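Numbering (our numbering), first residue to last: 575 to 892.
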């Protein structure tokens, strides 16, 4: 039986949070936020278009990069509606159904991105450990199966969350801590026992983000061991240089996550603005900077981008 303190005439609503202390300056936040969303959309869309148009870019490394761009686009699209509502329309109330759908989308795309980063670490390991068998180990069909498995894992693990949250009873003002809905934030507003929900949430985190990060570290330990067995330092640097973009992407994704976890546990006296800023960076920085990093550090993508812009420039000058 559903436990709810709401009726059909009074739907369950949650209150999103803006950044305290800014007053009327909230609208000005739309400029940097909107710019970051626009850069994210243009950057990741460009990566997808370049890889799709280049027959030579259909190797596993670039297919995984496409998956990363799609996950970044999904993550940006998941947080954008509520942020526009809060900072542009000054509307902070959100219905429970919309809130639960958003948290499902946010967590699903975040876990997909974590899985893609793990797959890319495995890709780099195979390329360095046994380059001669790279094409036979990571075939196109294998990459597709890995992609489907990543999506399936994220969806199956997070699908129960909205239904479990809907069964809870919520009391008080129902004010969230962010301008978007995430599972721990909604869960703490329940005024009934939430041990089962908390345990399931912890299981999801351990079996996804925690496991992925450990496996990524293990992959790089094996990469380092393989690189150190190479004869010359020039070959060492050449091999490690192929991992720089991925290492930056991993740091961009996991550093804000770890920082938020530390602040949540040990930063009770920290200003709420700092906590909110870290939460925004967690969801905004990777989608914005990943395309930049891979465009700068990946020679083939950089070459094709320069060629495209050169053609457009030449066409417009005629």
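Ideal Cβ placement from N, Cα and C applies to all residues, glycine included.
Treat the numbers as computed from the prediction; the structure is a model and nothing was measured.
Using a Cβ-Cβ cut-off of 7 Å (strictly less than) and excluding sequence neighbours within five positions of residue i, which residues of its own chain qualify?
i	result
residue 759	750, 751 and 752
residue 639	621, 625 and 868
residue 873	none
residue 936	Residue coverage of the chain in this structure runs from 575 to 892, which leaves residue 936 outside it and unanswerable.
residue 610	858 and 862
residue 876	869 and 870
residue 653	680, 754 and 857
residue 637	717
residue 866	617
residue 683	645, 648, 649 and 652
residue 822	867
residue 832	none
residue 817	698 and 797
residue 607	657 and 661
residue 725	686
residue 789	692
residue 878	624 and 628
residue 787	828
residue 855	830
DSSP on residue i, reduced to helix/strand/coil?
i	result
residue 727	helix
residue 823	helix
residue 593	coil
residue 587	strand
residue 854	helix
residue 749	strand
residue 633	coil
residue 744	strand
residue 872	coil
residue 739	helix
residue 756	coil
residue 733	coil
residue 658	helix
Let's see if you can read the secondary structure: which residues bound the alpha helix (DSSP H) around residue i?
i	result
residue 698	670-703
residue 807	807-815
residue 620	604-627
residue 773	769-779
residue 787	785-802
residue 710	708-711
Return yes when at least one heavy atom of the ligand NAP lies under 6 Å from the C-beta of residue i, else no.
i	result
residue 650	The ligand content of the structure shown is nil, which means the ligand NAP is not present either.
Would you list the one or two residues that DSSP bridges to residue i?
i	result
residue 643	DSSP lists no partner for residue 643.
residue 764	744
residue 667	589
By Cβ distance, which residues of its chain are closer than 6 Å to residue i, with the 5 residues on each side in sequence left out?
i	result
residue 623	none
residue 896	In the structure as shown, the chain starts at 575 and stops at 892, and residue 896 therefore has no counterpart that could be examined.
residue 579	Model confidence at residue 579 stands at a pLDDT of 48, short of 50, so the residue's coordinates are unreliable; what they give is reported in the following sentence. Excluding positions up to five away in sequence, the list reads 743.
residue 588	668, 673, 748 and 750
residue 745	765
residue 720	693
residue 677	755, 756 and 757
residue 850	593
Tell me which same chain residues have a C-beta within less than 8 Å of the C-beta of residue i, skipping the five on either side of it?
i	result
residue 796	699 and 703
residue 880	none
residue 782	685, 688, 689, 727, 728 and 731
residue 806	none
residue 632	625 and 714
residue 738	770, 771 and 774
residue 585	669 and 670
residue 804	810 and 813
residue 675	736
residue 791	none
residue 820	691, 694, 695 and 698
residue 734	774
Margin query: I'd like to know if the region 857-867 and the region 824-835 are in contact, where contact means that at least 3 CB-CB pairs between them fall below 8 Å.
Written below: In short, these stretches touch, since the Cβ pair count reaches three.
Check: Do the region 637-655 and the region 687-695 make contact, defined as three or more Cβ pairs closer than 8 Å?
Finding: Yes, the region 637-655 touches the region 687-695.
Margin query: For the structure I just gave you, are there three or more beta carbon pairs, one from the region 765-784 and one from the region 659-672, closer than 8 Å?
Written below: Contact between the region 765-784 and the region 659-672 is absent, because fewer than three Cβ pairs lie under 8 Å.
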